[in-house]
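Chains F and G are the protein sequences, given in the same order.
Residues 8 to 459 in the working numbering are what the first sequence lists, from first letter to last.
Residues 39 to 208 in the working numbering are what the second sequence lists, from first letter to last.
A virtual CB, placed ideally from N, CA and C, is assigned to each residue, including glycine.
Owing to the predicted nature of the structure, the values given are computational and were not obtained by experimental measurement.
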Amino acid sequence: MGRKLLLKDINVPGIKSFEVYRKQGGYASVEKALKTMSPDAVVEEVKKSGLRGRGGAGFPTGMKWSFIDKKSEKPRYLICNADESEPGTFKDRFLMEYIPHALIEGMIVSSFALGAKTSYIYMRGEFRWIFPILEKAIEEARAAGFLGKNILGSGYDLELYVHSGAGAYICGEETAQIESLEGKRGNPRNKPPFPAIVGLYGCPTVVNNVESIAAVPHILNMGGDEYAKIGIGKSTGTKLISASGHINKPGVYEIELGLPVEEFLNSDEYCGGVWKGRKLKAVIPGGSSVPILPADLFLKNAKGEARLMSYESLADGGFASGSMLGSGGFIVMDETACIVRNLWTFARFYHHESCGQCSPCREGTGWMEKVLHRIEHGHGHMHDIDLLVDVAKKIEGNTICPLGDAAAWPVASAIRHFREEFEYHIKYPEKVMNPKHFEIEPFRSEKNLVMA
Amino acid sequence: MSLVQKIIKRYPEGRHKSALLPILHVAQAEFGGWLSPETMDYVASILNIKPIEVYEVASFYSMYNLQPVGKCVLEVCQTGPCWLRGSDDIIQYISNKLGIQPGETSADGMFTLKVVECLASCGSAPMMQVGNNFIENLSVEKMDDVLKKLRETHNVPSPDYGSPYPVNKA
């Protein structure tokens with residue numbers, strides 16, 4: 008365990024620059040692919056690697072690539088999704104800021120595999136200082152002959168541009184991102200047709216997360232079969248985890264998939280344990296959209312087996328007792344955290360970010376925010392808890408894009424595992440008047456507390 | 039070639055509307071940190087699109103300010119991971135110190151306080167964005183210093199509002 012790929016050179020001085028990155032073996036995959044492989048052979052290696060989309064959904068990248076319409080005469084596009092906005096997730100930003108060439112190299116070989124001659128990196132507008140970093144990297148790659156016309160004499164042409172978003176979580180959804188890149192509001196499109204057939208400007212398009220694209224050069228260098236040996240089962244390779252919340256060492260860590268969650272949480276190599284010597288209360292292991300798990304169910308699944316950092320292990324137990332690896336946004340809460348207040352901030356987030364196209368999401372997220380606000384501030388009623396469950400159910404599955412589900416799951420899971428705490432807010436309104444109520448006196452429930 | 043023309047060239051022939059979001063960033067940075075109806079109409083004329091196409095986009099994205107702002111815009115993140123590390127205290131402190139609520143501008147026109155949703159800085163929470171920069175690992179104790187420094191750097195006739203694209207400040 009503990010193999011490093013994406014961040015193996017993070018501590019090499021000057022790794023941001025082309026020369027140093029190249030000296031460390033960078034751009035080898037571009038030479039290998041363009042000089043010795045066909046585009047289809049590159050797709051085949053990525054399929055063999057078992058790489059799953061690192062943006063959150065975990066869909067196999069190679070399979071996504073194989074859907075692109077190659078019969079069409081239209082130009083094809085690759086868009087890199089750098090709209091990282093899921094609360095708890097900040098890994099793509101880290102990668103782009105500190106090893107920009109890893110993304111550029113990945114973009115070149117991925118565009119080659121898909122036959123794209125123009126590719127875009129759609130970056131969330133707030134990362135304004137990263138723009139010049141990436142643009143400089145693109146210029147350096149161009150000067151070295153890795154971008155532009157007839158790359159390395161292979162006859163393959165590629166132009167790569169960075170495009171700025173302007174502050175909308177929904178633009179991380181691939182069809183909303185395409186709309187946004189066309190200069191419109193970020194309203195997700197109905198599917199089918201899927202972007203692989205009708206995407207940007209009506210042309211075949213693939214949208215991939217930054218981390219997925221940055222993994223491709225490693226897959227080509229070592230071969231898909233070798234990559235598939237890293238990790239565990241169908242969770243192949245390494246994954247960047249963004250750790251935040253009540254831990255000693257928040258930050259971005261690269262793990263080999265399959266690392267025990269307890270080791271990730273407590274080892275000094277990673278999170279360094281829960282801060283201030285407090286007890287662990289709950290963890291949201293994959294970004295704000297995935298179900299929250301109480302400490303006991305996080306460390307061990309319902310059958311009592313230790314959980315691992317993998318797509319399968321974190322999902323073990325389904326929504327009844329499991330969660331998801333998602334985007335790897337690992338949010339830790341100690342015993343002083345109020346589940347209701349945290350959930351209220353998430354509901355406010357989804358209400359703010361709903362594009363407003365589908366009524367269940369536009370209206371439902373607003374009602375969830377309102378009801379959670381009144382429970383948290385001591386004005387709730389007992390029937391509000393079931394009202395929340397009901398609203399969440401009516402949003403889930405009834406919207407064009409998954410933002411509705413993403414808004415509903417945290418509510419449903421928080422009530423499933425922490426219903427007592429919601430009831431406490433309603434029964435003792437005077438005790439929750441102070442926003443820091445559980446810092447003053449942590450909520451005690453034998454069920455949800457274990458030693459960290 | 040002007041910056042705007044360079045940006046338009048990044049998109050295929052006839053797809054110049056794709057340059058709308060980038061050009062709005064440039065316009066906002068050049069015209070005092072916000073988009074007035076006149077500014078938006080001007081952008082529409084540059085791209086040869088209808089003004090409504092600009093308004094509907096500008097009102098959708100949270101980075102575009104549709105009201106005038108102070109010389110320095112403080113965008114404090116308030117979502118879960120920042121809240122867990124004390125963002126409520128930071129917002130409260132700024133609000134009390136400057137005598138403004140979120141969304142308001144201080145009487146001297148220096149600061150605008152905005153509360154925003156997750157800025158992908160959860161590992162260095164609490165934090166806020168000012169122009170091109172993230173100011174991270176904030177604490178109430180540090181805030182006086184932070185505000186004092188910002189007052190120095192932004193109290194100029196043409197303060198830098200930040201833009202992903204290089205805007206030449208006169």
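Residue 131 of chain G, buried or exposed, once every other Cβ within 10 Å from all chains shown has been counted against 16: If you number the second sequence from 1, residue 131 of chain G lands on position 93. The C-beta of residue 131 of chain G has 16 or more other C-beta atoms within 10 Å across all chains shown, which makes the residue buried.
Using three-state DSSP, classify residue 31 of chain F as helix, strand or coil.
Here residue 31 of chain F refers to the residue found at position 24 when the first sequence is read from its first residue. Residue 31 of chain F falls in the coil class under three-state DSSP.
Could you check whether the Cβ of residue 82 of chain G sits closer than 8 Å to any Cβ belonging to chain F? The residue given as residue 82 of chain G occupies position 44 in the second sequence. No, residue 82 of chain G does not count as interfacial toward chain F.
Next item on the list: Sort out for me which residues DSSP pairs residue 170 of chain F with in a bridge.
Entry: Here residue 170 of chain F corresponds to residue number 163 of the first sequence, with the count starting at 1. DSSP, once it has assigned bridges, lists F:129 as partnering residue 170 of chain F.
| query | Exposed or buried, residue 435 of chain F, counting other C-beta atoms within 10 Å across all chains shown (16 or more means buried)? | reply | Counting from 1 along the first sequence, the entry for residue 435 of chain F is found at position 428. Around the beta carbon of residue 435 of chain F, fewer than 16 other beta carbons sit within 10 angstroms, so the residue counts as exposed.
List, in order along the chain, the chain G residues whose C-beta lies closer than 7 Å to that of residue 340 of chain F? Here residue 340 of chain F is taken as the residue at index 333 of the first sequence, counted from 1. From the beta-carbon of residue 340 of chain F, the residues of chain G found nearer than 7 Å are 122.
* To do: Assign residue 123 of chain F to one of three DSSP states: helix, strand, or coil.
  => Within the first sequence, residue 123 of chain F is the residue found at index 116, counting from 1. In this structure, residue 123 of chain F counts as strand in the three-state DSSP scheme.
What's the C-alpha gap between residue 64 of chain G and residue 409 of chain F?
For the purposes of this step, residue 64 of chain G is taken as the residue at position 26 of the second sequence. For the purposes of this step, residue 409 of chain F is taken as the residue at position 402 of the first sequence. Their backbone Cα atoms lie some 32 Å apart in a straight line.
*Whose C-alpha, out of F:293, F:50, F:156, is nearest the C-alpha of residue 1 of chain F?*
Given that chain F is displayed from residue 8 to residue 459, the structure contains no residue 1 of chain F and the question cannot be resolved.
- Do you know how far the Cα of residue 286 of chain F is from the Cα of residue 461 of chain F? One cannot answer for residue 461 of chain F here, as it falls past the ends of chain F, which runs 8 to 459.
**Prompt:** By how many angstroms is the C-alpha of residue 202 of chain F removed from the C-alpha of residue 58 of chain G?
**Reply:** For the purposes of this step, residue 58 of chain G is taken as the residue at position 20 of the second sequence. For the purposes of this step, residue 202 of chain F is taken as the residue at position 195 of the first sequence. Whole-angstrom Cα-Cα distance: 22 Å.
### Message
Report the CB separation of residue 206 of chain F from residue 185 of chain F in whole angstroms; it is logged as a contact under 8 Å.
### Response
As a position in the first sequence, residue 206 of chain F is number 199, starting the count at 1. As a position in the first sequence, residue 185 of chain F is number 178, starting the count at 1. Right, the Cβ-Cβ distance comes to about 6 Å (below 8 Å), so this counts as a contact.
- If you draw a straight line from the C-alpha of residue 234 of chain F to the C-alpha of residue 278 of chain F, how long is it? Within the first sequence, residue 234 of chain F is the residue found at index 227, counting from 1. Within the first sequence, residue 278 of chain F is the residue found at index 271, counting from 1. Their Cα atoms are separated by approximately 26 Å.
Quick one: list the residues of chain F neighbouring residue 43 of chain G, beta-carbon separation under 9 Å, in chain order.
Numbered from its first residue, the second sequence carries residue 43 of chain G at position 5. Listed along chain F, no residue sits closer than 9 Å to residue 43 of chain G by beta-carbon distance, the nearest being about 14 Å off.
On a CA-only basis, which of F:415, F:337, F:425 is nearest residue 250 of chain F? Give me that one, please. Reading the first sequence from its first residue, position 243 is the one you call residue 250 of chain F. Out of F:415, F:337, F:425, F:337 has the C-alpha closest to the C-alpha of residue 250 of chain F.
- Message: Can you tell me whether residue 145 of chain G is buried or exposed? The criterion is at least 16 other CB atoms within 10 Å of its CB, across all chains shown.
- Response: Residue mapping note: residue 145 of chain G aligns to position 107 of the second sequence, counting from 1. Answer is exposed; the Cβ neighbour count stays below 16.
query = Quick one: what does DSSP say residue 337 of chain F is sitting in, helix, strand or coil?
reply = Position 330 of the first sequence, counting from 1, holds the residue named residue 337 of chain F. Correct three-state label for residue 337 of chain F: strand.
Practice prompt. Measuring only between beta-carbons, confirm whether residue 79 of chain G sits less than 8 Å from chain F.
Written response: Here residue 79 of chain G corresponds to residue number 41 of the second sequence, with the count starting at 1. At a cut-off of 8 Å between beta-carbon atoms, residue 79 of chain G makes no contact with chain F.
Return no unless some Cβ of chain C is closer than 8 Å to the Cβ of residue 406 of chain F.
The structure shown contains no chain C; its protein chains are F and G.
With a threshold of 8 Å between beta carbons, is residue 403 of chain F in contact with chain G?
Taking the first residue of the first sequence as position 1, residue 403 of chain F is located at position 396. Not a single CB atom of chain G sits nearer than 8 Å to the CB of residue 403 of chain F.
(request) Please determine, among F:45, F:208, F:403, the residue with the shortest C-alpha to C-alpha distance to residue 162 of chain F. (result) Indexing the first sequence from 1 puts residue 162 of chain F at position 155. Between residue 162 of chain F and the set F:45, F:208, F:403, the nearest pair of CA atoms involves F:45.
C-beta neighbour in chain G for residue 96 of chain F, strict 8 Å
Within the first sequence, numbered from 1, the residue matching residue 96 of chain F stands at position 89. So, interface residue.
_Proximity to residue 372 of chain F [Cα-Cα], best of F:352, F:28, F:143, F:331_ = Mapped onto the first sequence, residue 372 of chain F falls at position 365. Comparing Cα positions, the closest option is F:352.
Would residue 376 of chain F be called buried (16 or more neighbouring beta carbons within 10 Å of its own) or exposed? Here residue 376 of chain F is taken as the residue at index 369 of the first sequence, counted from 1. Its Cβ being crowded by 16 or more others within 10 Å, residue 376 of chain F is buried.
ask   = Relative to the C-alpha of residue 76 of chain F, which residue among F:123, F:89, F:53, F:166 is closest?
value = Translated into positions along the first sequence, residue 76 of chain F becomes position 69. Measuring C-alpha to C-alpha distances from residue 76 of chain F to each of F:123, F:89, F:53, F:166 identifies F:123 as the nearest.
Problem set entry | Three-state class that DSSP yields for residue 165 of chain G in the structure shown | Numbered from 1 along the second sequence, position 127 holds the residue referred to as residue 165 of chain G. Residue 165 of chain G: coil per DSSP, three-state reduction.
Worksheet item: Do we get a CB-CB distance below 8 Å when we pair residue 155 of chain G with the residues of chain F?
Response: Within the second sequence, numbered from 1, the residue matching residue 155 of chain G stands at position 117. At least one C-beta of chain F is nearer than 8 Å to the C-beta of residue 155 of chain G.
| task | Could you pull out every residue in the same chain whose Cβ sits closer than 7 Å to the Cβ of residue 192 of chain G, ignoring the five residues on either side in sequence? | result | Sequence index remark: in the second sequence, residue 192 of chain G carries index 154 (1-based). Answer for residue 192 of chain G: 109, 110, listed in chain order.
Comparing C-alpha positions only, which one of G:150, G:162, G:160, G:177 sits nearest to residue 169 of chain G?
For this step, residue 169 of chain G is matched to residue 131 along the second sequence. That would be G:150, whose Cα lies nearest to the Cα of residue 169 of chain G.
Next on the checklist: Give me the DSSP bridge partner(s) of residue 260 of chain F.
Outcome noted: Taking the first residue of the first sequence as position 1, residue 260 of chain F is located at position 253. Beta-bridge pairing links residue 260 of chain F to F:248.
Residue 117 of chain G touches chain F at which residues, Cβ-Cβ below 7 Å? By 1-based counting over the second sequence, the position of residue 117 of chain G is 79. Per Cβ cutoff of 7 Å: 94, 352, 356.
Residues of chain G with CB under 7 Å from residue 461 of chain F, in chain order? Shown here, chain F extends from 8 to 459; a query on residue 461 of chain F therefore has no answer.
I'd like to know whether the C-beta atoms of residue 173 of chain F and residue 132 of chain F end up nearer to each other than 8 Å. Residue 173 of chain F sits at position 166 when you count from the first residue of the first sequence. Residue 132 of chain F sits at position 125 when you count from the first residue of the first sequence. Yes, the pair counts as a contact, with Cβ atoms nearer than the cut-off.
Q) According to the neighbour-count rule (16 or more other Cβ atoms, all chains shown, within 10 Å of its Cβ), is residue 197 of chain F buried or exposed? A) One-based indexing of the first sequence puts residue 197 of chain F at position 190. Classification of residue 197 of chain F: exposed, given that the 10 Å Cβ count is below 16.
**Item:** Those runs of the alpha helix (DSSP H) which lie wholly inside the stretch 305-384 of chain F and span at least 4 residues
**Value:** Taken in chain order, the complete alpha helix (DSSP H) segments of 4 or more residues contained in the stretch 305-384 of chain F are 318-322, 325-328, 346-360, 366-383.
Practice item. Put residue 55 of chain G into one of helix, strand or coil per three-state DSSP. Key: Within the second sequence, residue 55 of chain G is the residue found at index 17, counting from 1. Correct three-state label for residue 55 of chain G: helix.
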